[in-house]
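J.: First, the structure itself, so that you have it in front of you.
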Amino acid sequence: MKNKLFASVPNILLGLLIAVAPQTFAHACIGHDMPGACHYSQQAATSIGVVILVLGIVALFVNHQIRIGLNIAAIANALLLLAVLTFLIGVCKGAMMHCRMVMLPTLIVPGVLTMVFAGIAIWLDSRSTARG
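With mature numbering (1 follows the signal peptide of the UniProt record, and there is no 0) applied, the sequence shown covers -28 to -1, 1 to 104.
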């Protein structure tokens, strides 16, 4: 039961943060004539957060072998989040822009935490698989 909660709750909470933050307090810059890179990164981050959230919810109801795969998918989505924010789409170039000062660190930290918690959950679930 502990492994099930550890494999799912962090993904649920971090996925929720990744999905909600860009739409609320860690939003993209406003005031551009046309949507910039930060706007598209915001939309992509929200979508990736929803996927991580769903992976966490599904992990509550499956056995440990499937949870391993779900956590591998969570790591892949967190890597995609980091790639979107840093080099695939990116954010505004200005150092004092809201997207660079607030949105970028607010999304990078839970992205890295998602990878860490999912990696630990994979390790815990693989140990229980090896035991029987």
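Idealized CB from N, CA, C, for every residue including glycine.
Mapping the DSSP letters down to three states, classify D5 as helix, strand or coil.
T.: Translated into the one-based positions of the sequence shown, residue 5 becomes position 33. Three-state DSSP puts D5 in coil, outside helix and strand.
J.: Looking only at C-alpha atoms, which of A93, L51, L53 and A50 sits nearest to V(-20)?
T.: Here residue -20 corresponds to residue number 9 of the sequence shown, with the count starting at 1. Nearest of A93, L51, L53 and A50 to V(-20), Cα basis: A93.
J.: Buried or exposed, going by whether 16 or more other CB atoms sit within 10 Å of the CB of Q37?
T.: Indexing the sequence shown from 1 puts residue 37 at position 65. Q37 comes out exposed.
J.: Taking buried to mean at least 16 other C-beta atoms within 10 Å of its own C-beta, is F89 buried or exposed?
T.: Position 117 of the sequence shown, counting from 1, holds the residue named residue 89. Under this definition F89 is a buried residue.
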